[in-house]
Amino acid sequence: MEQNRQLRWMRLDNAALIFPAAQRKHWSNAFRLSFTFRDPVDPALLQQALDNVAPRFPSVCVRLRRSTFWYYLEEVDRPPAVREDSYQPLIPMSRNDIRRCAIRVLYYRSRMAVEFFHAVTDGTGGMVFAKTLAAEYVRLRYGADVPATHGVLDIRESPKPEELEDSFQRNVGPVAAPRDDGNVFRYRGTLEPDRFLHVTLGIADSEALRSRSHALGVTVTAYLTAVLLQSLLELQAENIPRRQRRKNVKIQIPVNLRKLYDSRTMRNFVAVANVGVDPRLGDYTLEELAKLVHHQMHLSITPKNMQAIFTPNVTSEQNPVLKVVPLFLKNVIMRAVFDTIGERVASMTLSNLGRVELPEAMAPFVERVEFVLGPQSTAPYNASVTSWQGKTFINIVRNTVEPRLEEIFFTKLVKLGCRVAVESNDRA
Amino acid sequence: MYCVKCGVELQKGVERCPLCGLTVYHPELTETPEPRPYPRYAEGGETVRHGGLLFVLTVLFAVPVLVCIVMDLNMNHGIRWSGFVAFGLLWAYVAVCLPLWFRRRSPTVFFPIIMAAGLGVALYVCLKTGGRWFLPLAFPVGGAVTLLGETVIVLLRHAVGAHRHRALFVFGGAFIAAGGLCMLIEFLLHVTFALPMQWWCLYPLSALGLIGLMLIVIGICAPLRASLHKKFFI
Numbered sequence: 001m002e003q004n005r006q007l008r009w010m011r012l013d014n015a016a017l018i019f020p021a022a023q024r025k026h027w028s029n030a031f032r033l034s035f036t037f038r039d040p041v042d043p044a045l046l047q048q049a050l051d052n053v054a055p056r057f058p059s060v061c062v063r064l065r066r067s068t069f070w071y072y073l074e075e076v077d078r079p080p081a082v083r084e085d086s087y088q089p090l091i092p093m094s095r096n097d098i099r100r101c102a103i104r105v106l107y108y109r110s111r112m113a114v115e116f117f118h119a120v121t122d123g124t125g126g127m128v129f130a131k132t133l134a135a136e137y138v139r140l141r142y143g144a145d146v147p148a149t150h151g152v153l154d155i156r157e158s159p160k161p162e163e164l165e166d167s168f169q170r171n172v173g174p175v176a177a178p179r180d181d182g183n184v185f186r187y188r189g190t191l192e193p194d195r196f197l198h199v200t201l202g203i204a205d206s207e208a209l210r211s212r213s214h215a216l217g218v219t220v221t222a223y224l225t226a227v228l229l230q231s232l233l234e235l236q237a238e239n240i241p242r243r244q245r246r247k248n249v250k251i252q253i254p255v256n257l258r259k260l261y262d263s264r265t266m267r268n269f270v271a272v273a274n275v276g277v278d279p280r281l282g283d284y285t286l287e288e289l290a291k292l293v294h295h296q297m298h299l300s301i302t303p304k305n306m307q308a309i310f311t312p313n314v315t316s317e318q319n320p321v322l323k324v325v326p327l328f329l330k331n332v333i334m335r336a337v338f339d340t341i342g343e344r345v346a347s348m349t350l351s352n353l354g355r356v357e358l359p360e361a362m363a364p365f366v367e368r369v370e371f372v373l374g375p376q377s378t379a380p381y382n383a384s385v386t387s388w389q390g391k392t393f394i395n396i397v398r399n400t401v402e403p404r405l406e407e408i409f410f411t412k413l414v415k416l417g418c419r420v421a422v423e424s425n426d427r428a
Numbered sequence: 429m430y431c432v433k434c435g436v437e438l439q440k441g442v443e444r445c446p447l448c449g450l451t452v453y454h455p456e457l458t459e460t461p462e463p464r465p466y467p468r469y470a471e472g473g474e475t476v477r478h479g480g481l482l483f484v485l486t487v488l489f490a491v492p493v494l495v496c497i498v499m500d501l502n503m504n505h506g507i508r509w510s511g512f513v514a515f516g517l518l519w520a521y522v523a524v525c526l527p528l529w530f531r532r533r534s535p536t537v538f539f540p541i542i543m544a545a546g547l548g549v550a551l552y553v554c555l556k557t558g559g560r561w562f563l564p565l566a567f568p569v570g571g572a573v574t575l576l577g578e579t580v581i582v583l584l585r586h587a588v589g590a591h592r593h594r595a596l597f598v599f600g601g602a603f604i605a606a607g608g609l610c611m612l613i614e615f616l617l618h619v620t621f622a623l624p625m626q627w628w629c630l631y632p633l634s635a636l637g638l639i640g641l642m643l644i645v646i647g648i649c650a651p652l653r654a655s656l657h658k659k660f661f662i
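Those protein sequence lines, which keep their order, are chains E and F. What the first sequence shows, in my numbering, is residues 1 to 428, in sequence order. What the second sequence shows, in my numbering, is residues 429 to 662, in sequence order.
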């Protein structure tokens, strides 16, 4: 690597501002993307691939630093060392970890995984990085000539300015949408005393899921959201028998804004659509839920509505009074805001990165592509979905003892006729 | 291999269903186990539950309270001195044992509760002894101490973080504020009991102010901090 080169630094994008402030000792907002190859991973080649790829992604291979008024991201002078994976994904990143590098590259048997602190990028940006890293690894390991297509970037090119931009600032609108209220069901099980994170992976046949969702006239995301909503309703009914006391059940669906606003940024550019139902109104069939989710998503996911959702965050960032508040005070304020309203608008998140596409030259070497979203700070569950080569990988994480939601959800899918294979990082 | 309860397909060789916990028992299958999706869990230390100890502590607090009340009722046919004992022990219980009942023992929440309990005891003593010092003296002093303590706790928890030297600023400010509190106490004593203003508060104010300033200077000056850390680290 070139010595003494000028390291780039950049302000945090608007969505990233909250994550360093909200971080705590046992929780950091992070996600993981992993590729499982045909053969065991060679750590030396993976390190070499990372070293080759890192300069192409100056906004991803970064560390978090502080100035007087804001955090900022600074390019690392050398990429992090690849490490062997642990007994659980997404071990919380400490402040010291993030100060050194805000991503981790891990390997275990034939799986390569990249874990991102969410202030760096979102799922879509992370997937571009992970695909490019996997492509470079495949090139080094198998000698395959992988073209820079299907989301794989050419590592010989320089990073483009539009990849480094904060697209929120460019697309801010005139009107702010009111925030959702916080009256939602949030499951609280028995916390694992050592904060162990359980991850349960359900592997379902993509075609079976697609045919069932199309039979109801909805997308796979809407279908899975409806099944998850029904599972959460059931879970709430078990915990709160009196219907009048039950709260709304809502699921947060992250929406990739790049398609709506023609952006090619590698940084966070995501907003969320909240879909849900009021359980006090009665029981819902899956058909009803699927239709409700479908229509709520269509109402919510429009350029104008999404703009109104992220506009208040951008205007707060641009407020001249807030700008001059010292960072340590900003952290206190932002953390209070995050604890009060940040996560309380939904019961959990379901993030679907959709069908993963890879260049034909590397596809034969990849057996799985998985996405694991970390849990919320105060609620135990989150779910994330990817689909690769006819299989849909549904990862549900939890930091509580009881696997009740997973049990209801996957059993429901089986009863609906979708064959599901389950794997977990159980301690047994 | 499938779970007979959930209907999901299981990995070869797993001992129980990860969803419902049902033990998998297939003696006729001799399949080699599939590799685990993650490395095996590294055992941590045993977790200790305080439930039993707390029960014993609660009984230990309750026994003297009940004995005193029964003795008082027997001797004086009413609650006289035993009320002081009961309220004093109740305050001690709130301060020592109450936080232990909760999984999350946030000082931000429990410090004001303990201070409020202390003020409750003071109110009881004031009413029982016919004093008129609660509202003009104990309440404002207790309130100010609570406010100061709570501010220190909140700043330590939320503003210090990994930059531990910032705690010096917090404590420095707290020492100076405590000096100011002494002035308030002397003033309120003067108002409540018509004591002459002797300005004794200036002694603690100057001492606490100097300590506070020293802590702030140490917080600002990194080489001094490093030198002191080298001398006093534990």
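Glycine included, every Cβ here is placed at the ideal spot set by N, Cα and C.
Distance, Cα to Cα, residue i vs residue j?
i, j, result
"Phe-429(E)", "Ile-648(F)", "The structure shown does not extend to residue 429(E), since chain E is modelled only from 1 to 428, so the question has no answer here."
"Tyr-466(F)", "Tyr-261(E)", "39 Å"
"Ala-176(E)", "Leu-197(E)", "36 Å"
"His-591(F)", "Leu-224(E)", "44 Å"
"Arg-242(E)", "Tyr-187(E)", "16 Å"
"Glu-2(E)", "Lys-247(E)", "Here the model assigns Glu-2(E) a pLDDT of 45, short of 50, so the residue's position is not dependable, and the following value carries that caveat. Answer to the nearest angstrom: the Cα atoms are 57 Å apart."
"Pro-632(F)", "Ile-581(F)", "23 Å"
"Met-334(E)", "Ser-167(E)", "21 Å"
"Tyr-142(E)", "Gly-126(E)", "24 Å"
"Leu-482(F)", "Cys-525(F)", "7 Å"
"Pro-92(E)", "Ser-86(E)", "12 Å"
"Gln-376(E)", "Ala-421(E)", "25 Å"
"Phe-515(F)", "Ile-507(F)", "12 Å"
"Ala-606(F)", "Met-499(F)", "42 Å"
"Ala-16(E)", "His-26(E)", "19 Å"
Report the neighbours of residue i on chain F: residues whose CB is nearer than 7 Å to its CB, in chain order.
i, result
"Glu-407(E)", "Cys-434, Leu-447 and Cys-448"
"Pro-429(E)", "Nothing can be reported for residue 429(E): it is not among the residues displayed for chain E, which extend from 1 to 428."
"Ala-49(E)", "Per Cβ cutoff of 7 Å: no residues; Ala-49(E) is ~22 Å from chain F at best."
"Val-432(E)", "What the structure shows of chain E is the stretch from 1 to 428, and residue 432(E) is not part of that stretch, so it cannot be assessed."
"Arg-335(E)", "His-586"
"Leu-201(E)", "Pro-465"
So which residues on chain E does residue i lean against when the C-beta distance must stay under 7 Å?
i, result
"Gly-589(F)", "Arg-95"
When burial is assigned at 16 or more other CB atoms within 10 Å of the CB, is residue i buried or exposed?
i, result
"Glu-443(F)", "exposed"
"Arg-280(E)", "exposed"
"Met-362(E)", "buried"
"Pro-58(E)", "buried"
"Tyr-453(F)", "exposed"
"Glu-162(E)", "exposed"
"Ser-351(E)", "buried"
"Ala-650(F)", "exposed"
Can you list the residues of chain F that residue i reaches, using a CB-CB cut of under 8 Å?
i, result
"Tyr-87(E)", "Tyr-466, Pro-467, Arg-468, Tyr-469 and Ala-470"
"Leu-228(E)", "Ordered by position in chain F, no residue passes the 8 Å Cβ test against Leu-228(E), which lies about 15 Å from the chain."
"Asn-425(E)", "Arg-464, Pro-465, Tyr-466 and Tyr-469"
"Val-414(E)", "Cys-434, Gly-435 and Val-436"
Taking 8 Å as the limit between beta carbons, can you name the residues of its chain near residue i, skipping five residues before and five after?
i, result
"Leu-416(E)", "Arg-212, Val-227 and Leu-286"
"Met-543(F)", "Gly-570, Val-573, Thr-574 and Gly-577"
"Gly-473(F)", "Low confidence applies to Gly-473(F): its pLDDT is 48, below 50, so where it sits in the model is not reliable, and the reading given next is rough at best. Cβ neighbours of Gly-473(F) beyond the five flanking positions: none."
"Thr-486(F)", "Tyr-521 and Cys-525"
Anything in chain E within Cβ reach of residue i, meaning under 8 Å, just list it in chain order.
i, result
"Pro-463(F)", "Arg-109"
"Leu-438(F)", "Ala-421 and Val-422"
"Cys-594(F)", "With the sequence shown as reference, residue 594(F) is identified as Arg, and Cys is not the correct amino acid for it. What Arg-594(F) touches in chain E: Phe-328."
Can you give me the Cβ contacts of residue i inside the same chain, cut-off strictly under 7 Å, excluding the 5 residues immediately before and after it?
i, result
"Val-62(E)", "Leu-73, Glu-74, Glu-75, Val-76, Ala-102 and Val-120"
"Ala-49(E)", "Leu-133, Glu-136, Tyr-137 and Leu-140"
"Leu-235(E)", "Tyr-187, Arg-404, Leu-405 and Ile-408"
Whose C-beta lies closer than 6 Å to the C-beta of residue i among residues of the same chain, with five residues either side of it excluded?
i, result
"Pro-527(F)", "Arg-533 and Phe-538"
"Gln-23(E)", "none"
"Pro-89(E)", "Arg-32, Val-199 and Val-372"
"Arg-398(E)", "His-198, Pro-380 and Tyr-381"
"Leu-106(E)", "Arg-83, Asp-85 and Ala-113"
"Val-513(F)", "Cys-496"
"Gln-47(E)", "Val-82"
Run through the DSSP bridge pairs and tell me what residue i is partnered with.
i, result
"Asp-205(E)", "Lys-391(E)"
"Tyr-108(E)", "Arg-111(E)"
"Arg-65(E)", "Tyr-72(E)"
"Ser-634(F)", "DSSP lists no partner for Ser-634(F)."
Could you list which residues in chain F have their beta carbon closer than 9 Å to that of residue i, in chain order?
i, result
"Val-324(E)", "Those within 9 Å of Val-324(E) in chain F number zero; the least Cβ separation is about 17 Å."
Legend entry - Selection of the stretch 603-633 of chain F by Cβ proximity to chain B, strictly under 7 Å: No chain B is present in this structure, whose protein chains are E and F.
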